[in-house]
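Under the UniProt record's numbering, the sequence shown is numbered contiguously, ending at residue 383. In this text, a Cβ means the ideal position worked out from N, Cα and C, and glycines have one as well. Bear in mind the structure is a predicted one, so any value in this text is a computation, not a measurement.
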Amino acid sequence: MESRPARGYLDLLVAFGLLAAAAAATALSLDGIARFVLLIPTVVFLPGYAVVALVYPTRGSPPEESTIGPTGTGLRTAFSRGDHGIGGVERVVLAVLWTVIVVPAVALAVHFSPFPIAARPIQVGVFGATAVLLVCAAVSRARQSPDDRFAPGVPSPSDLFGESSSGFRTGSPTLGTPSKASRPWSGILVAVSLLVLASSVGYALVAPPADEGFTELYVQSGNVTDETTALYPSTLTRGRSQPLDFAVVNREGSTVEYGYAVELQRVERSGAAGANASVADDGSAGTKGANDSVEVVAETEVDRGSFELAAGETRNLTAQITPQATGDDLRIVVLVYRGDPPQDPSLDTAYRSLRLPVEVAAGGDGANGSAARRTPRVPRGDG
């Protein structure tokens with residue numbers, strides 16, 4: 001026969017195991033169903049169970065039948081416990097209730113700490129608080145005698161569905177209509193309802209919104225001072241190579257294979273504004289007319305490549321632009337793809353893109369004069 005001391009800490013060991021698995025899932029940045037399965041017990045049940053195990057280290061006594069006292073002054077209900085212990089159903093209900101208290105309390109503590117209000121600091125706080133409570137619960141349980149110490153077990157069918165588990169004695173003149181197995185069923189329904197409620201609250205902590213991820217694409221402007229006349233090389237010289245530095249930041253939440261292509265395009269603008277061009281607010285080539293359109297009449301690919309980025313990493317890239325034509329109707333286009341770029345890349349097929357209007361002069365004098373006339377903002381990739 002299995003001894004009670006051997007079973008006296010089984011539930012706490014299982015709780016520690018689940019807590020360690022949840023911490024590992026957080027450290028490894030797991031996502032999907034694995035993240036949900038490993039983390040959801042931590043945010044809806046384990047913190048409260050640790051509190052209950054600490055407060056109630058002893059096993060519960062069998063429920064007493066409801067009777068009218070000798071003086072007719074009251075009832076002794078099945079919920080009364082003479083040894084400060086509670087049964088399994090009550091432990092589940094109280095565990096969920098205490099979790100609803102502990103997790104928001106940890107979030108409040110994070111709010112007043114130097115750490116930001118985000119999923120990771122709150123998760124770490126919940127893990128730490130739960131671990132401390134489980135250790136204290138084990139110490140509290142060890143101080144009890146083996147016979148009184150709570151030992152987890154699987155309830156028998158009679159405990160859940162039998163008439164002997166009724167909350168009150170049937171046929172009581174005070175309570176009227178008999179109720180069979182009312183207390184276990186009520187406790188189970190309450191526990192399930194609380195678990196559903198806590199799960200809906202904890203889901204936001206366990207599974208961040210799917211639309212949270214994105215890829216950032218921007219031009220690197222270097223050291224910007226009061227004397228800076230252009231935040232990217234907006235004026236080029238025909239036949240002279242000019243570097244264009246840009247960066248790709250993976251904020252998708254997982255590793256992504258990227259591909260990119262850089263093109264120098266000649267465009268033709270039509271509409272109310274004609275050839276009077278401006279730089280749009282998003283850093284793209286635009287016109288002053290609301291109904292203006294831009295048509296690509298010639299393009300030259302100057303660079304392409306591919307790379308892999310882990311979540312949160314940044315890749316700095318440099319494309320050498322050597323224009324062979326002159327004019328003020330040119331632009332540099334940076335196209336980023338998830339995966340390899342196609343043979344004929346375009347703005348319509350790119351995942352992220354930059355459009356940078358440029359002027360190409362035939363000599364250095366024209367270049368210097370044009371650079372002083374325009375100071376574009378640093379463009380960001382299209383979202």
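Counting C-beta atoms within 10 angstroms of its own C-beta, residue 263 has 16 or more neighbours from the protein chains shown and is therefore classed as buried. By the Cβ neighbour-count rule, residue 329 is buried, with 16 or more other Cβ atoms within 10 Å of its own.
DSSP, read as helix, strand or coil, puts residue 117 in coil. The segment 19-27 makes no contact with the segment 234-248; the number of CB pairs closer than 8 Å stays below 3. For residue 36, the uninterrupted alpha helix (DSSP H) segment begins and ends at 33-44.
Here residue 297 has 266 and 268 as same chain residues with Cβ atoms under 6 Å from its own Cβ, once five neighbours each way along the sequence are excluded.
Going by beta carbons, residue 257 and residue 308 fall inside the 7 Å limit.
In the three-state reduction of the DSSP assignment, residue 49 falls in the helix class, which pools H, G and I. If you ignore the 5 residues before and after residue 116, its C-beta comes within less than 7 Å of no other C-beta in its own chain.
For the pair residue 8 and residue 120, the CB atoms are not nearer than the 7 Å cut-off. Of the residues assessed, residue 243 falls on the exposed side of the cut-off, its CB having fewer than 16 other CB atoms within 10 angstroms. Residue 144 and residue 123 have their C-alpha atoms roughly 32 Å apart. Taking the Cα positions, residue 295 is about 22 Å away from residue 236. DSSP, reduced to helix, strand and coil, places residue 240 outside both helices and strands of the structure shown, so it counts as coil. The DSSP-derived three-state label of residue 308 is strand.
Burial state of residue 357 is buried, judged by a 10 Å Cβ sphere holding 16 or more other Cβ atoms.
Nearest C-alpha to residue 333 among 326, 314, 218 and 324: 218. Leaving aside the five residues that flank residue 48 on each side, the residues in its chain whose CB is nearer than 8 Å to its CB run, in chain order, 94, 95, 96, 97, 98, 99, 100, 101 and 102. Its Cα nearest to that of residue 343, the residue 305 stands out among 305, 355 and 142. In this model, residue 259 and residue 337 are separated by some 5 Å (Cα to Cα). Taking every protein chain shown into account, the CB of residue 15 has 16 or more other CB atoms within 10 angstroms, so this residue is buried. Between the C-alpha atoms of residue 113 and residue 125 there is a straight-line separation of about 11 Å. Cβ-Cβ distances below 7 Å link residue 213 to 251, 252 and 253 in the same chain, with the five nearest sequence neighbours on each side left out; the list follows chain order. Taking the Cα of residue 131 as reference, the smallest distance to any Cα among 17, 238 and 107 is reached at 17. DSSP places residue 23 inside the alpha helix (DSSP H), whose first and last residues are 10-27. Counting along the chain, no beta strand (DSSP E) covers residue 99; the unbroken alpha helix (DSSP H) around it starts and ends at 88-111. Bounds of the beta strand (DSSP E) holding residue 337 are 327-338.
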